[in-house]
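Encoded as structure tokens, the structure appears first; notes follow it.
Number of protein chains: 2
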Amino acid sequence: MTLVYTETAMLGLDVPLRASERAYRQLRGEILDGVLAPGTALLEVEQAERIGVSRTPLREAVARLIADGLVVGRRGRGFEVTEISVDSISELYELRQALEVQAIRLAATRRDPAPFIALREEFRTAPGLLDQGDIGVRRYYVLIDELEDAIDLAVENPFLVGALRAVRTHLARIRRLARRNPLRLLAAAAEHLLIIDAIIAGDPSLAAHATHIHLHQSLVSVLAAIDEEPAL
Amino acid sequence: MTLVYTETAMLGLDVPLRASERAYRQLRGEILDGVLAPGTALLEVEQAERIGVSRTPLREAVARLIADGLVVGRRGRGFEVTEISVDSISELYELRQALEVQAIRLAATRRDPAPFIALREEFRTAPGLLDQGDIGVRRYYVLIDELEDAIDLAVENPFLVGALRAVRTHLARIRRLARRNPLRLLAAAAEHLLIIDAIIAGDPSLAAHATHIHLHQSLVSVLAAIDEEPAL
DNA sequence: CAACCACTCTTTGTATACAGAAGAGCTTCG
DNA sequence: CGAAGCTCTTCTGTATACAAAGAGTGGTTG
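These protein sequence lines are chains G and Z, in that order.
For the first sequence, the positions run 3 to 234 when the working numbering is used.
For the second sequence, the positions run 3 to 234 when the working numbering is used.
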């Protein structure tokens, strides 16, 4: 739930990191990026040699990944990357809805409007951004990250933010296997604007319902995208 | 998020357990029971010797406790048991509300009524139970555990149930330092009955609102109890 | 020919030894 | 007398060696 970063990491310096931390970040990144596909077996010695650490810090990293729900222990034979089923996506969204709606409610109640007003301006440029192809889409995702950060800050609740972060970890994997279509991104941008407006207006109920709808649409879109893809 | 128990543990056999698992359970139990008070420093060698395992499995146990949010790493000098502030209680309840309301909604939607009908009968005996002093109160808490288990089962969502379990871990600590008064327990029993009725009736909205109210009253009671106590 | 048992090999779980970093206390110098 | 620096101690972080458990395989026997 609580991630601890060293002060050097927070400063973005690439000062030598603890081996266990390096192993954790690398494995986590590879799982999220799909390099380590769901179902992949993780053998301790093999992974330890590959990453360049000994088994002790690697085990610590795997333990954290298990706590994150990205890896499961197989009885007897080591560990493997967790699978993603269509059912699990719906289940994740049930949790996500509960958390995001609550977070938005609190953000709309406690907010300092300033950062959201700034974000509103940026989100208004989103339609233009989405016309600029892949690079625009990437900048759009950065915008969403900034919105999430602003919400996390406004929520002022480490427990809730921690739970949200855990959900977002799994979302990152899902996003990979369900490339969203441009029309959906455009609609999503409008939905985000509505949520931002509600936060600025200090209307928790409106913000909550807008979030509910946004997540519903998002889930529908993700499930449709997955239905079309041959994989999974 | 996901807890993995060995099959021997699930059967309740006290077959030799892995050392790391033993260390985890003992430390977790001691933190939850308040034997290891908030702020207590955990030195690896010291704890390892006390529990009777070597440092390696102890570190694994501590890593899991950090993931649970029961322990935090102190920069430089080891680890310590996390503190509980009044603010953190309110924050925990904000998360708890989001999760429980969603869980109850889903339970009321998907439920197999049978277990809840059985629980309703049991909860009707709660007022009598609470007249029987300490032993009755303890049986009442067992009843609540059974209700929570029934809800977890009906929810059919590992993500949501996992998040709930994490919250309940922290609740156990809070319950310790805010002994509830008998009147509150009586009122809580009535609130639980209302929730159970709503689940049996298959009325998600009613169940959700009943839960909302129940948690609100619970928080008010906890905060009042803590205000009275000299400690903290 | 099939089933069961034993053996071996692989892989995890645990202990311990070693190295490096951080804090405390003492000494010394200004 | 105070402050700063150095050393010493203590603790964490990592590697490695060892033990035990499970799975797979081959042989043997009914």
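By construction, the Cβ of each residue, glycine as well, lies at the ideal position given by its N, Cα and C atoms.
The Cβ of residue 104/Z sits closer than 8 Å to at least one Cβ of chain G. For residue 58/Z, the C-beta contacts it makes with chain G under 9 Å involve 58, 61, in order along the chain. In this structure, DSSP gives residue 19/Z a state outside helix and strand, which the three-state scheme calls coil. By the rule that beta-carbons nearer than 8 Å mark a contact, residue 161/G touches chain Z.
Judged by their CB atoms, residue 30/G and residue 67/G are nearer to each other than the 8 Å cut-off. For residue 22/Z, the CB contacts under 7 Å within the same chain, skipping 5 residues up- and downstream, are 59, 62, 63 in chain order.
Here DSSP, grouped into helix, strand and coil, assigns residue 195/Z to helix. For residue 73/Z, the secondary structure class from DSSP, reduced to helix, strand or coil, is strand. At least one CB of chain Z lies nearer than 8 Å to the CB of residue 97/G. Residues 223 of the same chain have their beta carbon placed closer than 7 Å to that of residue 186/Z, with the five preceding and five following residues left out of the count. Between residue 95/Z and residue 221/Z, the gap from beta carbon to beta carbon is short of 8 Å. Where residue 82/G is concerned, the enclosing beta strand (DSSP E) starts and stops at 81-83. About 5 Å separates the Cβ atoms of residue 38/G and residue 83/G, confirming a contact at the 8 Å cut-off. When secondary structure is reduced to three states using DSSP, residue 156/Z falls in the helix class.
Nearest neighbour of residue 81/Z by Cα position, chosen from 120/Z, 35/Z, 40/Z, 88/Z, turns out to be 40/Z. For the stretch 26-50 of chain G, the set of positions with a beta-carbon nearer than 9 Å to some beta-carbon of chain Z is empty. When the beta-carbon positions are compared, residue 109/G and residue 215/G stay at least 8 Å from each other. Annotation: the continuous alpha helix (DSSP H) that includes residue 89/G extends over 88-112.
By the Cβ criterion, the stretch 126-134 of chain Z is not in contact with the stretch 181-200 of chain G, since fewer than three pairs of Cβ atoms, one from each stretch, lie closer than 8 Å. The Cβ-Cβ distance between residue 225/G and residue 88/G falls below 8 Å. By the neighbour-count definition (other C-beta atoms within 10 Å, threshold 16), residue 70/Z is a buried residue.
A straight line joining the alpha-carbon of residue 172/Z with that of residue 32/Z spans about 13 Å. The beta-carbon of residue 93/Z is placed less than 8 Å from the nearest beta-carbon of chain G. Listed in chain order, the alpha helix (DSSP H) elements of length 4 or more contained wholly in the stretch 122-172 of chain Z are 128-132, 135-157.
Distances from the alpha-carbon of residue 190/Z to those of 55/Z, 218/Z, 157/Z put 218/Z closest. At the C-beta level, residue 158/G and residue 112/G come within 8 Å of one another.
Minimum Cα-Cα distance from residue 92/Z among the listed residues 161/G, 211/G, 227/G corresponds to 161/G. DSSP, reduced to helix, strand and coil, places residue 43/G within a strand of the structure shown. Assigned with DSSP and collapsed to three states, residue 56/G falls in coil, not helix or strand. For residue 100/G, the nearest beta carbon of chain Z is closer than 8 Å to its own beta carbon.
The C-beta of residue 173/Z comes no closer than 8 Å to any C-beta of chain G.
Short of 7 Å from the beta carbon of residue 57/G, and not among the five residues preceding or following it, lie these beta carbons of its own chain, in chain order: 46, 47, 50.
With contacts defined as CB atoms closer than 8 Å, residue 165/G and residue 165/Z qualify as a contacting pair. In the three-state scheme derived from DSSP, where H, G and I count as helix and E and B as strand, residue 229/G is classed as helix.
Separation of residue 124/G and residue 145/G (C-alpha to C-alpha, rounded to the nearest whole angstrom) is 8 Å.
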